[in-house]
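Visitor:
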Amino acid sequence: MAVQISPSILSADFARLADEAARVEGVADWLHVDVMDYHFVPNLTLGLPVVESLLKTTTTPVDCHLMIADPDRWAPGYAEAGAASVTIHAEAAKAAVRTLRAIRAAGARAGLALNPATAVEGYEDLLPEIDMLLVMTVEPGFGGQRFLDMVLPKVSRARGLIEKHGGEIWLQVDGGVSAETIERCAEAGADVFVAGNAVYGADDPAKAVRELRALAERTGSGPSV
Ligand code: DX5
Ligand code: ZN
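With positions in the sequence shown counted from 1, the corresponding number in the working numbering is that position plus 2.
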């Protein structure tokens, strides 16, 4: 498992997104873009036009996390626009298989996200349809929330299911990931780490990315499943 860091621009300055993306270019593996619609979550951020503009300004692959009520309708458009990874929420999708296949058909990696209260076991049959599983470590909607330790057993169980299916799928954690919590996530088996506040709340975002990566790499040899 290779450690990957995906800084979330939710904690960046939305009036200077191109500059904020540039601050982690060449250091971060991904740029995590949180799309929120005031329906699936009680917050509103940005949509496809902003993602299209961002894609023109950065060479870092864009990781779109769709916290929206109707991902079946909108997700393929993000893949068609050039996002390298598009993640939909299991709780919102009504035709997850069709939508995940449409994301892949448009050339992006397909991700499936699970809220803290959503069990991973119900989604085992979907694993062949996805490239990444996102286990939320906060309730989605806002940056800067406190990490939910209660989700860690699910991260471990998710790693176990992934290994059972061949180990190709990436396991992402998102929410409250910081220098204090990233080692616990890596120990539980996560390999892709989203960090908003821990990166864009830091004086030097690139340095913060390097530090988070070093902590995860020190710990993340994977669980013994
Ligand atoms: C929350 C978002 C996260 C958020 C994480 O719903 O999905 O990507 O930006 O922010 P931090 O790392 O500050 O918890
Ligand atoms: Zn996110």
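By construction, the Cβ of each residue, glycine as well, lies at the ideal position given by its N, Cα and C atoms.
Since the structure is predicted, the reported quantities are computational estimates derived from the model, not experimental observations.
So, helix, strand or coil for GLY25, using DSSP?
Guide: The question names Gly, but residue 25 in the sequence shown is Arg. ARG25 falls in the coil class under three-state DSSP.
Visitor: Using only CA atoms, which one of GLY143, THR89, VAL26 and ASP72 lies nearest to THR59?
Guide: The option with the nearest alpha carbon to THR59 is VAL26.
Visitor: Relative to the C-alpha of VAL29, which candidate in VAL5, ALA77, ALA115 and ASP36 has its C-alpha closest?
Guide: Considering only alpha carbons, the answer is VAL5.
Visitor: Please confirm whether any heavy atom of ligand 2 lies closer than 7 Å to the CB of SER10.
Guide: The answer is yes for SER10.
Visitor: Could you tell me the boundaries of the alpha helix (DSSP H) in which VAL35 lies?
Guide: Here VAL35 belongs to no alpha helix (DSSP H); instead the beta strand (DSSP E) covers 33 to 38.
Visitor: Three-state secondary structure (DSSP) at ASP72?
Guide: Three-state DSSP puts ASP72 in coil, outside helix and strand.
Visitor: Would DSSP call TYR89 helix, strand or coil?
Guide: The question names Tyr, but residue 89 in the sequence shown is Thr. Looking at THR89 - three-state DSSP - the assignment turns out to be strand.
Visitor: Indicate whether the contact test is met: 3 or more Cβ pairs, each with one atom in the region 69 to 79 and one in the region 159 to 174, closer than 8 Å.
Guide: No, because fewer than three Cβ pairs between the region 69 to 79 and the region 159 to 174 fall closer than 8 Å, the two stretches do not touch.
Visitor: Expressed to the nearest angstrom, what Euclidean distance is found between the alpha-carbon atoms of GLN147 and LEU217?
Guide: When rounded, the distance between both Cα atoms is 20 Å.
Visitor: Output the residues surrounding ligand 2, defined as those with a CB atom closer than 5 Å to any ligand heavy atom, in chain order.
Guide: This criterion selects ASP36, HIS67 and ASP176.
Visitor: May I have the straight-line CA-CA distance separating ALA23 from PRO155, to the nearest angstrom?
Guide: Between ALA23 and PRO155, the C-alpha separation is close to 33 Å.
Visitor: By Cβ distance, which residues of its chain are closer than 7 Å to PHE241, with the 5 residues on each side in sequence left out?
Guide: Absent from the model: residue 241. The displayed extent of the chain is 3 to 227, so no value can be given.
Visitor: Using the beta-carbon count (16 or more within 10 Å), is SER13 buried or exposed?
Guide: Its Cβ being crowded by 16 or more others within 10 Å, SER13 is buried.
Visitor: For ILE171, does the three-state DSSP call read helix, strand or coil?
Guide: ILE171 falls in the coil class under three-state DSSP.
Visitor: Is DSSP giving MET152 helix, strand or coil here?
Guide: It is helical.
Visitor: Taking 7 Å as the cut-off, is the beta-carbon of ASN117 closer than that to any non-hydrogen atom of ligand 1?
Guide: The answer is no for ASN117.
Visitor: In terms of residues, what are the limits of the beta strand (DSSP E) holding ALA197?
Guide: Note, ALA197: beta strand (DSSP E), 194 to 197.
Visitor: Please list, in chain order, all residues of the same chain as GLU185 whose beta carbon is under 6 Å from its beta carbon, the five residues on each side excluded.
Guide: Closer than 6 Å at Cβ, skipping near neighbours: LEU217 and THR221.
Visitor: Might you give, ordered along the chain, the residues of its own chain that have their beta carbon closer than 7 Å to the beta carbon of GLU54, omitting 5 neighbours on each side?
Guide: Counting only Cβ-Cβ distances below 7 Å, and skipping sequence neighbours, we find ALA83.
Visitor: Just grab the DSSP bridge partners of ARG111 for me.
Guide: DSSP lists SER87 as partners of ARG111.
Visitor: Hey, is HIS91 close to ligand 1, as in C-beta under 7 Å from one of its heavy atoms?
Guide: No, since every heavy atom of ligand 1 falls outside the 7 Å radius drawn around the Cβ of HIS91.
Visitor: CA-CA distance, ALA17 and ALA192?
Guide: Roughly 32 Å between the two C-alpha positions.
Visitor: Just to check my reading of the structure: PHE195 and SER10 have Cβ atoms closer than 8 Å, yes? What is that Cβ distance to the nearest angstrom?
Guide: In fact, because the Cβ distance is near 10 Å, the residues do not count as touching under 8 Å.
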